[in-house]
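S.K.: As they're listed, the protein sequences go chains A and B. In terms of this note's numbering, the first sequence has 126 at position 126, counting the first letter as 1, and numbering is strictly consecutive. In terms of this note's numbering, the second sequence has 1221 at position 221, counting the first letter as 1, and numbering is strictly consecutive. Once you've had a glance at the structure underneath, I'll fire off some questions.
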Amino acid sequence: MTTRAYAVAIAAVAAAGLGYVLLSYAVTDGALLPVAARYVTDGVRDTASINIVSGVLLDYRAFDTLGEATVILAAVAAVSALFSGSTIGTDSHGAGLLVQRSVSYLAGFFWLFPVYIIANGHLSPGGGFQGGVSLAVLIVLLNVVFGTRVGSQRIGVKHLHWAESLSAAAFIAIGAVGIVQGGGFLANLSAGFPAGSPGSLISAGAIPLLNLVIGVKVASGLASIFYDLISGDRVAP
Amino acid sequence: MMHGPLLLVVVPLATAVICSVTSMSAKRATPVALLAGLLTHAGLLVAVAIRATRAAGLTYLVGGWAAPVGIVLVVDRFAAVFLILLAVGEVALTVYAIGERTVERSGFAVLLSLLATALSGVIVAGDLFNLFVFVELASVASIGLIALKRRDTGAASGFVYLVYASVSGAFFLIAVVVLYASTGVLTIAEIGAAVDSMPRATVVICSVCFIVSFGVKVGMVPLHFWQASAYDAAGSTAAAFLSGVAMKVYLYAMVRVLWSGLDATGRVPAVAVVLSVAGLLNIVVGHLLALGERDLKRLLAYSSVAHVGYILLGLGSSAGMVGALMHIVMHSLMKTGLFLSCRPIIGHAGSSRIGRLGGAARAQPVAFGAFTIAALAIVGIPPTGGFASKWFVSVAAYADYGAVPVLVVAAGTVISLLYYVRVSIAALAEAVPQPGRVSTTRRAGATALVVVASIAAATLILGPVMTRVEPTLRHAAESVVDRTRYIDLVREPPR
């Protein structure tokens, strides 16, 4: 792609974004709709999460999030069924020595970012989905830089499948706590999860737990799709 | 039982997780886990359906948040009918798949449980966005089931469906955005309560979006092109579930949003006309495509296109909801029966080409008998249930649109008789030795034949019994036609 093509693409994305913002103001007059207003005024009291988006996604509407996470589970199951029986090619040797050395020094810092994003999901923008995707990218990076043989030995497909299944089970289990405690499935503070003091790292009840579970699930799901896609070309064109 | 509506979603989801663990560590335990999980689920489906029918509805607040703020799950009498359909289809399919060892295909158990999760979620969803999430989950799980049998053609058909499903999802999302922007809520019942003060144009736009979105999913002409190749690639077992149950659940969702949410036919009478005309188009195009088809599974797929037409015709007629529901029930049984019974026949012939079915009737008498009974029912020969449902649809359509739809229904019946007779003659013929033929000596297992025979028996029995079932279906239809009942159920749940 030429520089000009990049410029056009960036301009198009920016224009679309601007158009979307203007359009959303046009249809809502910029004022908050009743339910949204409730989330903004009572969100911190109801969910103890100072990130209202996390409060909506993982408390008020946590059931939707369970569904979205399950969509990833279904996609992984579909892709791995399609590629079942094929093995990961070990012919990739990764990048040159210079890149490998520098990445191995930087890897520790690379892990810090997704961990921060997931751990602070209830405090600042981010959360399980965003942090999980960053984690999956790190696994991809590991394979690109050090070669698929080293990569798939360190973090294998089998580990990823286990991590995904167990995190899905953990999501259901956290939801079931609400049933046992009497607040209803996926209830948060009303099921007795400790609210803590809003704004501190240990607060918002089950929301950080759910962020952690979703982070593991998204990371393992996307990474195992990556492994399926790089494994043998068994699908005929 | 207090958590009934919720458990309908959580139990098959847990089953999927367990199956995904067993398929890694203990492959032999997968069929056991699948059977146990889905039988439990089917039991819950029936229990919740009975309870909802008796109590005129059940609701569940997820996370304890009341309706507009949180997500509500709703089961009214209309939803209860579809819960029963799902339970029957699920049990038949699971037992059949375990008997025929389809369940050992990698990923089948997980994807089937996830599809059951999604379809339960669609039926109990009382929230528009929650409905969207479960419809998307159903699409992804269906794509997996379509693709996993044969890697080459399956992947291609799965990809075609993926493209169609994305377009469908986009239309759904547009309607959700418009409705949320104009009402500020996502609960279907609250949208239904606010719809009277909504501009007519908004109702029109959202109705069109929903009709196109679900039109893709149910195969409304001309959005049906994915269907034949998908059902052909999917294998008869998965196709039986996709056509017999999943398609009906999409119809349910369409009716739920158009009737309970938008009051579409009340606010915009043209919507009813559009549904009826689409129905007639589906009947004509579907039957003609089936008549010209040389492949048995694709023929059955086109027959599905035609039969969605009868259901849409019923939905488009002012008194047709009962007829539409009856045809939904009957077609679910008949199509499941046809797809499941054609598998042993195709397996014997080694090909799904109709011209090569010779000798199959003699080799697989039970499967062929069941196929014939289901075919007679779907054509609409009087003692069977298929006749009763077509009759109710025709009567309702005659009241609104005169003789034309009735003539189309009659013509469709004649055409479908022609092509099913053609299949039967081909199967009854002596086997012609063919040089390149792959002869499979594998016989259908006893379990599969029992399933097929019971479905055939049910299609026969439901004909005479239809008068007994009719009042229940009429109550179910009333609970969706009379919108206030649904809105009141969510706003003031019975204690």
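From the three backbone atoms N, C-alpha and C, an ideal C-beta is built for every residue, glycine too. Since we're looking at a predicted model, the values are computed, not measured.
Within a Cβ cutoff of 8 Å, which residues of the same chain sit near L32 (chain A), ignoring the five residues on either side of it in sequence?
M.R.: Along the first sequence, one-based indexing puts residue 32 (chain A) at 32. The residues are V40.
S.K.: Give me the Cα-Cα distance between A1397 (chain B) and V1072 (chain B), rounded to the nearest whole angstrom.
M.R.: Here residue 1397 (chain B) is taken as the residue at index 397 of the second sequence, counted from 1. Here residue 1072 (chain B) is taken as the residue at index 72 of the second sequence, counted from 1. Using only the alpha carbons, I get a separation of about 35 Å.
S.K.: CA-CA distance, F193 (chain A) and A170 (chain A)?
M.R.: Position 193 of the first sequence, counted from the start, is the residue given in the question as residue 193 (chain A). Position 170 of the first sequence, counted from the start, is the residue given in the question as residue 170 (chain A). Roughly 15 Å separates the two Cα atoms.
S.K.: Check the C-beta distance from F1210 (chain B) over to A1175 (chain B) and give it rounded, since I have them as a contact under 8 Å.
M.R.: Against the second sequence, residue 1210 (chain B) aligns to sequence position 210. Against the second sequence, residue 1175 (chain B) aligns to sequence position 175. Their Cβ separation, rounded to whole angstroms, is 5 Å, which keeps F1210 (chain B) and A1175 (chain B) in contact under 8 Å.
S.K.: Could you spell out the range, first to last residue, of the beta strand (DSSP E) harbouring L1058 (chain B)?
M.R.: Sequence index remark: in the second sequence, residue 1058 (chain B) carries index 58 (1-based). L1058 (chain B) -> beta strand (DSSP E) spans 1058-1062.
S.K.: Are there 16 or more other CB atoms within 10 angstroms of the CB of L1028 (chain B), so buried, or fewer, so exposed?
M.R.: Looking up residue 1028 (chain B) in the second sequence gives position 28. Correcting the residue identity first, residue 1028 (chain B) is Arg in this sequence and not Leu. Exposed, since its Cβ has fewer than 16 Cβ neighbours within 10 Å.
S.K.: Among B:A1230, B:I1084, B:R1105, which residue has its Cα nearest to the Cα of A1165 (chain B)?
M.R.: Numbered from 1 along the second sequence, position 165 holds the residue referred to as residue 1165 (chain B). Of the listed residues, the one whose Cα sits closest to A1165 (chain B) is B:A1230.
S.K.: Kindly indicate which residue of B:G1063, B:L1137, B:A1377 has the alpha-carbon position closest to the one of G1386 (chain B).
M.R.: Here the question's residue 1386 (chain B) lines up with position 386 in the second sequence. It is B:A1377 whose Cα lies nearest to the Cα of G1386 (chain B).
S.K.: Mind listing, in chain order, the continuous alpha helix (DSSP H) runs of no fewer than 4 residues lying wholly within the segment 51-139 of chain A?
M.R.: 52-55, 62-82, 97-119
S.K.: Mind checking which residues open and close the beta strand (DSSP E) that includes L1073 (chain B)?
M.R.: By one-based count along the second sequence, residue 1073 (chain B) stands at place 73. Unbroken beta strand (DSSP E) run through L1073 (chain B): 1071-1075.
S.K.: Return the first residue and the last residue of the alpha helix (DSSP H) that V1329 (chain B) is part of.
M.R.: In the second sequence, counting from the first residue as 1, residue 1329 (chain B) sits at position 329. Start and end: 1321-1349.
S.K.: Closest Cβ-Cβ distance between L240 (chain A) and chain B: below 8 Å?
M.R.: Outside the shown range of chain A (1 to 237) lies residue 240 (chain A), about which nothing can therefore be said.
S.K.: Using only the alpha-carbon positions, how far apart do T1384 (chain B) and M1466 (chain B) sit?
M.R.: Position 384 of the second sequence, counted from the first residue, corresponds to residue 1384 (chain B). Position 466 of the second sequence, counted from the first residue, corresponds to residue 1466 (chain B). Put simply, the backbone Cα of T1384 (chain B) is about 9 Å away from that of M1466 (chain B).
S.K.: So I118 (chain A) packs on G108 (chain A), CB below 8 Å; how close in whole Å?
M.R.: Numbered from its first residue, the first sequence carries residue 118 (chain A) at position 118. Numbered from its first residue, the first sequence carries residue 108 (chain A) at position 108. In fact, because the Cβ distance is near 17 Å, the residues do not count as touching under 8 Å.
S.K.: What does H1003 (chain B) touch in chain A if you count any residue whose Cβ is under 9 Å from its own?
M.R.: By 1-based counting over the second sequence, the position of residue 1003 (chain B) is 3. Within chain A, the residues near H1003 (chain B) are I179, G184, F185.
S.K.: I'd like to know whether the C-beta atoms of G1337 (chain B) and T1459 (chain B) end up nearer to each other than 8 Å.
M.R.: The residue labelled residue 1337 (chain B) in the question sits at position 337 within the second sequence. The residue labelled residue 1459 (chain B) in the question sits at position 459 within the second sequence. Taking 8 Å as the Cβ cut-off, G1337 (chain B) and T1459 (chain B) qualify as a contacting pair.
S.K.: At least one CB of chain B closer than 8 Å to the CB of V35 (chain A): is that the case?
M.R.: Within the first sequence, residue 35 (chain A) is the residue found at index 35, counting from 1. Interface residue, yes.
S.K.: In the DSSP assignment, find the alpha helix (DSSP H) that holds M1466 (chain B) and state where it starts and stops.
M.R.: By 1-based counting over the second sequence, the position of residue 1466 (chain B) is 466. Here the alpha helix (DSSP H) through M1466 (chain B) covers 1446-1481.
S.K.: In the DSSP assignment, find the alpha helix (DSSP H) that holds V1245 (chain B) and state where it starts and stops.
M.R.: As a working note, residue 1245 (chain B) is residue 245 in the second sequence. Per DSSP, V1245 (chain B) lies in no alpha helix (DSSP H) and is assigned neither H nor E.
S.K.: Using 8 Å as the limit for Cβ to Cβ distance, is A236 (chain A) near chain B?
M.R.: For the purposes of this step, residue 236 (chain A) is taken as the residue at position 236 of the first sequence. Bear in mind that the predicted position of A236 (chain A) carries a pLDDT of just 37, short of 50, making it unreliable; the figure below should be weighed with that in mind. Yes, its Cβ sits closer than 8 Å to a Cβ of chain B.
S.K.: Starting from the C-beta of D1263 (chain B), find all residues in its chain whose C-beta is less than 8 Å away, skip the five residues before and the five after it, and write them out in chain order.
M.R.: Taking the first residue of the second sequence as 1, we reach residue 1263 (chain B) at position 263. G1192, V1195, D1196, V1203, R1483, listed in sequence order.
S.K.: Under the DSSP definition of a beta bridge, which residues are partnered with D1295 (chain B)?
M.R.: As a first step, residue 1295 (chain B) is located in the second sequence; it is residue number 295 there, counting from the start. Bridge partners of D1295 (chain B): B:R1353.
S.K.: Using the Cα positions of I50 (chain A) and V44 (chain A), report the straight-line distance between them to the nearest angstrom.
M.R.: Taking the first residue of the first sequence as position 1, residue 50 (chain A) is located at position 50. Taking the first residue of the first sequence as position 1, residue 44 (chain A) is located at position 44. Using only the alpha carbons, I get a separation of about 6 Å.
S.K.: In terms of residues, what are the limits of the alpha helix (DSSP H) holding A1233 (chain B)?
M.R.: In the second sequence, residue 1233 (chain B) corresponds to position 233, counting from 1. Counting along the chain, the alpha helix (DSSP H) containing A1233 (chain B) begins and ends at 1225-1234.
S.K.: Given this structure, state the Cα-to-Cα distance separating V1284 (chain B) from T47 (chain A), to the nearest angstrom.
M.R.: Residue mapping note: residue 1284 (chain B) aligns to position 284 of the second sequence, counting from 1. Residue mapping note: residue 47 (chain A) aligns to position 47 of the first sequence, counting from 1. Straight-line Cα distance between these residues: approximately 55 Å.
S.K.: For the alpha helix (DSSP H) containing G1192 (chain B), name the first residue and the last one.
M.R.: Position 192 of the second sequence, counted from the first residue, corresponds to residue 1192 (chain B). Per DSSP, the continuous alpha helix (DSSP H) segment holding G1192 (chain B) begins and ends at 1188-1194.
S.K.: State yes or no: is the beta carbon of T1441 (chain B) nearer than 8 Å to at least one beta carbon in chain A?
M.R.: In the second sequence, counting from the first residue as 1, residue 1441 (chain B) sits at position 441. Confidence in T1441 (chain B) is poor, its pLDDT being 49 and thus under 50, which makes the residue's placement too unreliable to answer from.
S.K.: Could you run through the segment 1137-1163 of chain B and flag, in chain order, every residue whose CB is less than 7 Å away from some CB of chain A?
M.R.: L1137, V1140, A1141, I1143, G1144, A1147, L1148, R1151, D1152, A1155
S.K.: If you reduce the DSSP assignment to three classes, tell me which class D1263 (chain B) lands in.
M.R.: One-based indexing of the second sequence puts residue 1263 (chain B) at position 263. D1263 (chain B) falls in the coil class under three-state DSSP.
S.K.: Quick check: is the beta carbon of S1020 (chain B) nearer than 8 Å to any beta carbon in chain A?
M.R.: What you label residue 1020 (chain B) is simply residue 20 of the second sequence in a count that begins at 1. A Cβ of chain A is located within less than 8 Å of the beta carbon of S1020 (chain B).
S.K.: Please classify K1217 (chain B) as buried or exposed, where buried requires at least 16 neighbouring CB atoms within 10 angstroms.
M.R.: Working through the second sequence from its first residue, we reach residue 1217 (chain B) at position 217. Flag for K1217 (chain B) reads buried.
S.K.: Counting only Cβ pairs nearer than 9 Å, list the residues of chain A close to M1466 (chain B).
M.R.: Stepping through the second sequence from its first residue, residue 1466 (chain B) is reached at position 466. Within chain A, no residue comes near M1466 (chain B); the closest Cβ sits about 36 Å away, beyond 9 Å.
S.K.: Is the CB-CB distance between S1394 (chain B) and V1404 (chain B) below 8 Å?
M.R.: Along the second sequence, one-based indexing puts residue 1394 (chain B) at 394. Along the second sequence, one-based indexing puts residue 1404 (chain B) at 404. Cβ distance not < 8 Å, so S1394 (chain B) and V1404 (chain B) don't count as in contact.
S.K.: In chain order, what residues of the same chain have a beta carbon less than 6 Å from the beta carbon of L1137 (chain B), not counting five sequence neighbours either side?
M.R.: Your numbering for residue 1137 (chain B) matches position 137 in the second sequence. Contacts found: A1118.
S.K.: Helix, strand or coil: which one does DSSP assign to A1116 (chain B)?
M.R.: Locating residue 1116 (chain B) in the second sequence gives position 116, where the first residue counts as 1. A1116 (chain B) falls in the helix class under three-state DSSP.
S.K.: Using alpha carbons as the reference points, say which of B:R1077, B:R1256, B:A1116, B:A1042 lies closest to L1242 (chain B).
M.R.: As a first step, residue 1242 (chain B) is located in the second sequence; it is residue number 242 there, counting from the start. When each option's Cα is compared against that of L1242 (chain B), the closest is B:A1116.
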